[in-house]
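> There's a structure below that I have some questions on.
Protein chains: 2
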Amino acid sequence: MRSCFSSFNQRYFCKNTGHIILNPVVVQSTTRFAEPGFAMMLSPLKELLREYRMVLASTSAQRKAIWQQMGINFSALPSSFDEESVQQTAFKTPSDYVCYLANGKASAVVQKLKDERNTGRSIVVGADTVIVAETGIIGKPHTKDKAMETLGYLSGKTHRVITGVAIIVSGDTGVSFDDSFVSTTEVVFSSLSKELIQSYVETGEPLNKAGAYGIQGLGSRLVESITGDYYNVVGFPINQFCERLEALLRTNST
Amino acid sequence: MRSCFSSFNQRYFCKNTGHIILNPVVVQSTTRFAEPGFAMMLSPLKELLREYRMVLASTSAQRKAIWQQMGINFSALPSSFDEESVQQTAFKTPSDYVCYLANGKASAVVQKLKDERNTGRSIVVGADTVIVAETGIIGKPHTKDKAMETLGYLSGKTHRVITGVAIIVSGDTGVSFDDSFVSTTEVVFSSLSKELIQSYVETGEPLNKAGAYGIQGLGSRLVESITGDYYNVVGFPINQFCERLEALLRTNST
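Heads up: the sequence lines are chains E and V, in that order. 240 is the number that our numbering gives the last residue of the first sequence; the numbers go up by one with no jumps. 240 is the number that our numbering gives the last residue of the second sequence; the numbers go up by one with no jumps.
Laid out in structure tokens, this is it:
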């Protein structure tokens, strides 16, 4: 979806594209950061992150909820990265594609901070999630008819949810080091009756969601089992992220 | 855990046992039911349940949250069933054990409704969840030392989460029909450092939780992957429950 802001399951009216997207985000000309706190965050990341501002390059409600659940003190900033200009077909695999998008989103926010002369250490994180079935990447439905079609196709089948995550750690003098990874979760759908699909689509939940469902909402009714990280299906693989971030900071600590 | 009320991850002071349990529940001498609504519940269950009062024979905050997420209009009632009097060793498998407990919890609430002369159609659901590792069933830790020990043992290993669910459908003249089933999810823990475990235990989240973690909270940091239903790990396998309940009502509809 082309958007003036990077978005994932958001809904507001975008003047550039005319799309309806959730939760309006007011972009301030100068970014303000949340105060440090890390009240509930677990050690040792709590100590390793003490010197950094954490920035989520996404306004996805799901991703923000996962970061909040982990006690991360962060600012969520929309990325100006133009996803629509990136052709899926230019990549060998969906994993390469989501990794590129995650890096693009994070890099755009890093650049924005530089332009605003926001100094100090920061960790900017970008992410992108796609659903992959036999036929390839399944897009986000923007109409009820398309949502019906997507859910009918996924019914009784197994698909993969792939999230790419990019981490860019900036020191006082620019980019210091980075890392990126991909997390894959297999999801098995129950066989869904037309009545069930129609009822689910009528709630509006499937619209603008990758794969036309939200496993964290009413969509939990549809999912028989998963193999992998549940939070990856929601939109952000938190366990692997914490492991990678901890290793990255330990390896590069001075 | 012996308790004057059936409880799962609750905390209040029980005068019979001295245990500290979460969320006090006031038991009324005459049970009052929620008004029917099913605003967000999906079809066809929405229509099949129109004639029934839904009763969750549990005061677990997690189970109540899952039912609310599914749009089920229900009353949560504590069960007087005495879990502590049931010996695990009397059962061939953990599955047999949780099924027995789930049935016991549901049956006690059905009896309570009868005693109170609560007439009308109702569906009473009991559930019990255990964690099973190589050494057998892992209990709920009531002290921080025990939580440290449990998490240290589960670190880097795979364990199983098993939930038994019992459904008792009552007509106007008593028990009409019932069903029960077991859901199993495999959970793989990351290798946890002592620092991480200690930090997690200090938050208090592991106390009185099966396996000493909550996958829906900070415990998500610990879980590398799962195979099966995520909501089963939280405490209630909602997908299989909806499938079984729908089949049960269709088979026995008059």
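Just so you know, even glycine gets a beta-carbon here, dropped at the ideal spot from N, CA and C. This structure is a prediction, so every number in the text was calculated from the model and none was measured.
If you draw a straight line from the alpha carbon of G233(V) to that of F167(V), how long is it in whole angstroms?
Here residue 233(V) corresponds to residue number 247 of the second sequence, with the count starting at 1. Here residue 167(V) corresponds to residue number 181 of the second sequence, with the count starting at 1. Per the sequence shown, the amino acid found at residue 233(V) is Ala instead of Gly. Roughly 13 Å between the two C-alpha positions.
> Indicate the three-state DSSP secondary structure (helix, strand or coil) for L182(V) in the structure shown.
Stepping through the second sequence from its first residue, residue 182(V) is reached at position 196. L182(V): helix per DSSP, three-state reduction.
> A113(V): which of E191(V), S46(V), E135(V) and T105(V) sits nearest, CA to CA?
Mapped onto the second sequence, residue 113(V) falls at position 127. Comparing Cα-Cα distances from A113(V) to each of E191(V), S46(V), E135(V) and T105(V), the minimum goes to S46(V).
> Which chain E residues are close to I58(V), counting only those with a beta carbon under 7 Å from its beta carbon?
In the second sequence, the residue the question calls residue 58(V) occupies position 72. Here the premise fails: no neighbours, minimum Cβ distance about 11 Å.
> Could you check whether the Cβ of Q55(V) sits closer than 8 Å to any Cβ belonging to chain E?
The residue labelled residue 55(V) in the question sits at position 69 within the second sequence. Yes, contact with chain E.
> How is V165(V) classed by DSSP in three states: helix, strand or coil?
Reading the second sequence from its first residue, position 179 is the one you call residue 165(V). At residue 165(V) the sequence reads Asp, which differs from the Val that was named. Three-state DSSP puts D165(V) in a strand.
> Using the rule of at least 16 other Cβ atoms within 10 Å of the residue's Cβ for burial, across every protein chain shown, is E102(V) buried or exposed?
Here residue 102(V) corresponds to residue number 116 of the second sequence, with the count starting at 1. With fewer than 16 other Cβ atoms within 10 Å, it is exposed.
> Check each candidate in T105(V), D82(V) and K143(V) and name the one with the smallest Cα separation from D158(V).
One-based indexing of the second sequence puts residue 158(V) at position 172. Among T105(V), D82(V) and K143(V), the Cα nearest to that of D158(V) belongs to T105(V).
> What is the DSSP secondary structure of G138(E), counted as helix, strand or coil?
For the purposes of this step, residue 138(E) is taken as the residue at position 152 of the first sequence. Correct three-state label for G138(E): helix.
> Quick one: is N225(V) near chain E, going by C-beta distance under 8 Å?
Position 239 of the second sequence, counting from 1, holds the residue named residue 225(V). N225(V) counts as touching chain E.
> Beta strand (DSSP E) containing V219(E): first to last residue?
Translated into positions along the first sequence, residue 219(E) becomes position 233. Not the beta strand (DSSP E): V219(E) falls in the alpha helix (DSSP H), residues Y216 to V220.
> Which residue wins for smallest C-alpha separation from S169(V), given the options S176(V), Q226(V) and I183(V)?
By 1-based counting over the second sequence, the position of residue 169(V) is 183. The residue with the shortest Cα to Cα distance from S169(V) is Q226(V).
> Would you kindly report the start and end of the unbroken alpha helix (DSSP H) that includes D82(V)?
By one-based count along the second sequence, residue 82(V) stands at place 96. Residues P80 to D101.
> Do the CB positions of L204(V) and L178(V) come within less than 8 Å of each other?
Counted from its first residue, the second sequence places residue 204(V) at position 218. Counted from its first residue, the second sequence places residue 178(V) at position 192. Taking 8 Å as the Cβ cut-off, L204(V) and L178(V) do not qualify as a contacting pair.
> Any beta carbon from chain E within less than 8 Å of I212(V)'s own beta carbon?
Residue numbering aside, residue 212(V) sits at position 226 when the second sequence is read from its first letter. True, the Cβ-Cβ gap to chain E drops below 8 Å.
> For T189(V), which residues in chain E fall below 7 Å Cβ to Cβ?
Stepping through the second sequence from its first residue, residue 189(V) is reached at position 203. Near T189(V) (Cβ distances below 7 Å), the residues of chain E are M26.
> Mind checking the stretch 63 to 87 of chain V against chain E and listing, in chain order, the residues whose C-beta falls within less than 9 Å of any C-beta there?
If the cut-off is 9 Å between Cβ atoms, the stretch 63 to 87 of chain V has nothing near chain E.
> Can you round the beta-carbon distance between V174(V) and T144(V) to whole angstroms, since I take them to be within the 8 Å contact cut?
As a working mapping, residue 174(V) is identified with position 188 in the second sequence. As a working mapping, residue 144(V) is identified with position 158 in the second sequence. With a Cβ gap of about 5 Å, V174(V) and T144(V) count as contacting.
> So, does the stretch 147 to 156 of chain E touch the stretch 87 to 94 of chain E, judging by three or more C-beta pairs under 8 Å?
Contact between the stretch 147 to 156 of chain E and the stretch 87 to 94 of chain E is present, because at least three Cβ pairs lie under 8 Å.
> Taking its Cβ as the centre, do 16 or more other Cβ atoms sit within 10 Å of N194(V), making it buried, or is it exposed?
In the second sequence, the residue the question calls residue 194(V) occupies position 208. So N194(V) counts as buried.
> Determine which residues of the stretch 141 to 164 of chain V have a Cβ less than 7 Å from any Cβ of chain E, and write them out in chain order.
Per Cβ criterion, the list is empty.
> Cβ atoms of Y216(V) and I58(E): under 8 Å apart, would you say?
Taking the first residue of the first sequence as position 1, residue 58(E) is located at position 72. Taking the first residue of the second sequence as position 1, residue 216(V) is located at position 230. Against a cut-off of 8 Å, the Cβ pair of Y216(V) and I58(E) comes out as no contact.
> Please name the residue, chosen from V118(E), G200(E) and I109(E), that lies closest to V155(E) on a Cα-to-Cα basis.
One-based indexing of the first sequence puts residue 155(E) at position 169. Ranking the options by Cα distance to V155(E), first place goes to I109(E).
> Taking CB distances under 8 Å as the criterion, tell me whether S239(E) reaches chain V.
Within the first sequence, the letter at position 253 stands for residue 239(E). By this cut-off, S239(E) is not an interface position.
> Is the beta carbon of L28(E) closer than 8 Å to that of L140(V)?
Numbered from 1 along the second sequence, position 154 holds the residue referred to as residue 140(V). Numbered from 1 along the first sequence, position 42 holds the residue referred to as residue 28(E). Against a cut-off of 8 Å, the Cβ pair of L28(E) and L140(V) comes out as no contact.
> Could you name the residues of chain E that R207(V) contacts, counting a contact when the two beta carbons are closer than 8 Å?
On the second sequence, position 221 is the one that residue 207(V) refers to. Residues of chain E passing the Cβ test: L28, M56, I224, N225 and C228.
> What does G203(E) reach in chain V if we use C-beta pairs closer than 8 Å?
Sequence index remark: in the first sequence, residue 203(E) carries index 217 (1-based). Under the 8 Å cutoff, chain V gives Q55.
> Is there a C-beta anywhere in chain V that falls below 8 Å from the one on E102(E)?
Taking the first residue of the first sequence as position 1, residue 102(E) is located at position 116. Taking Cβ atoms only, chain V never reaches closer than 8 Å to E102(E), which makes this a no.
> Relative to the ligand GDP, is the shortest distance from any of its heavy atoms to the C-beta of C228(V) smaller than 7 Å?
With respect to the ligand GDP, the structure shown offers nothing to examine, as it has no ligands at all.
> Are the C-beta atoms of L235(E) and some chain B residue less than 8 Å apart?
Absent here is chain B; the protein component of the structure consists of chains E and V.
> Please list the residues of the stretch 109 to 135 of chain E that have a C-beta atom closer than 7 Å to any C-beta atom in chain V, keeping them in chain order.
Per Cβ criterion, the list is empty.
> From the beta carbon of S185(V), is the nearest beta carbon of chain E less than 8 Å away?
Locating residue 185(V) in the second sequence gives position 199, counting from the first residue. Yes, S185(V) counts as interfacial toward chain E.
> Relative to the alpha-carbon of G221(V), which residue among L34(V), K32(V) and A51(V) has its alpha-carbon at the smallest distance?
Taking the first residue of the second sequence as 1, we reach residue 221(V) at position 235. Of L34(V), K32(V) and A51(V), the residue nearest in Cα terms is A51(V).
> Beta-carbon within less than 7 Å of V192(E)'s beta-carbon, same chain only, minus the 5 sequence neighbours each way: which residues are those?
Here residue 192(E) is taken as the residue at index 206 of the first sequence, counted from 1. Reading off the sequence, residue 192(E) comes out as Pro, not Val. Hits under 7 Å: P127, A133, L137, Y186, A198 and Y199.
> Look at the alpha carbon of R39(V) and the alpha carbon of M26(V), and state the distance between them as a whole number of angstroms.
Taking the second sequence and counting its residues from 1, the one referred to as residue 39(V) is at position 53. Taking the second sequence and counting its residues from 1, the one referred to as residue 26(V) is at position 40. Between R39(V) and M26(V), the C-alpha separation is close to 16 Å.
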